[in-house]
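Counting in the numbering used here, the sequence shown tops out at residue 225, every number present. One structure is given here, and the rest of the page talks about it.
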Amino acid sequence: MIGFLRRILLIDIFKGLALTLRYTYSKVYTEQYPREKVKLAERYRGAPRLNNDPETGETLCISCDLCAEACPEDLIVVSSVRDPESRKKVLTEYTFDTSRCLFCGLCQEVCPTNAIELTQDFELATYDRKSMLWNRARLEKGWDRIEGHKVYHK
Ligand code: SF4
Ligand code: SF4
């Protein structure tokens with residue numbers, strides 16, 4: 072009898088509608104991206120950056136090649152020349168293929184000078200594979216986002 076009355080009086084439909092209305096006018100659960108930045112986990116690993124010394128502007132990379140050795144995807148290439156006077160290696164180029172990166176963080180873990188770092192930038196989408204290969208300039212200065220795109224590192 073109760074079940075019959077529930078069906079006649081459309082109780083379940085009204086209960087469903089009430090629930091829908093309650094959520095429609097209450098808290099918004101959808102991320103309002105890109106208007107609002109998504110809150111990332113503290114240890115999130117995103118776009119790579121090759122850090123420079125903030126005082127001298129010189130690269131922190133000492134061309135030791137440890138990051139390239141540690142990378143399970145073998146996607147980092149460090150090129151350098153040896154300074155004839157100081158006998159130190161001088162970085163000439165650094166490439167990082169973001170299309171193959173697992174964002175495992177091994178490269179930044181092994182880096183003795185904190186030169187390579189995975190930042191919190193997650194906006195890596197692009198229209199072609201070629202632009203996923205980042206060179207030294209791009210790694211140092213941040214993603215060159217012309218056409219109104221933001222620059223990820225400050
Ligand atoms: S995050 Fe992992 S996969 Fe990506 S470059 Fe570093 S070591 Fe390689
Ligand atoms: S481990 Fe660090 S210092 Fe060594 S080559 Fe890689 S980025 Fe440069």
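No residue lacks a Cβ here, since even glycine has one placed at the ideal position from N, Cα and C.
Worksheet entry | Residue interval of the beta strand (DSSP E) (run including glutamate 188) | 187-189
Worksheet item: Under the three-state reduction of DSSP, which class applies to phenylalanine 75: helix, strand or coil?
Response: helix
Item to complete: List in chain order: all unbroken beta strand (DSSP E) runs of 3+ residues lying wholly within the stretch 72-155.
Response: 119-121, 147-153
Discussion item. Given a cut-off of 8 Å on the beta-carbon distance, is the pair phenylalanine 193 and glycine 117 in contact?
Written reply: yes
Worksheet item: What three-state label does DSSP hand isoleucine 217 in the structure shown?
Response: Since pLDDT at isoleucine 217 reaches only 41, below the 50 mark, its modelled position is unreliable, and no value is offered.
Worksheet item: Can you tell me whether proline 125 is buried or exposed, with buried defined as 16 or more other CB within 10 angstroms of its CB?
Response: exposed
Fill in: Cβ separation of arginine 207 and leucine 121, assumed to be a contact under 8 Å, to the nearest whole Å
6 Å
Worksheet item: Which residue comes first and which comes last in the beta strand (DSSP E) that contains threonine 164?
Response: Note on identity: in this sequence residue 164 is glutamate, with threonine being the wrong assignment. Unbroken beta strand (DSSP E) run through glutamate 164: 160-168.
Worksheet item: How would you call isoleucine 187, buried or exposed, if buried means at least 16 neighbouring beta carbons within 10 angstroms?
Response: buried
Worksheet item: Is DSSP giving leucine 204 helix, strand or coil here?
Response: strand
Worksheet item: Is the number of C-beta pairs between the stretch 138-153 and the stretch 101-108 that are closer than 8 Å three or more?
Response: no
Discussion item. Going by DSSP in three states, cysteine 178 sits in which element: helix, strand or coil?
Written reply: helix
Item to complete: State the CB to CB distance for the pair serine 151 and lysine 160, rounded to an integer number of angstroms; the pair is presumed to be in contact (CB under 8 Å).
Response: 4 Å
Item to complete: Taking all protein chains shown into account, decide if leucine 189 is buried (16 or more other Cβ within 10 angstroms of its Cβ) or exposed.
Response: buried
Practice prompt. Would you kindly work out how many angstroms separate the C-alpha atoms of tyrosine 115 and cysteine 175, rounded to a whole number?
Written response: 10 Å
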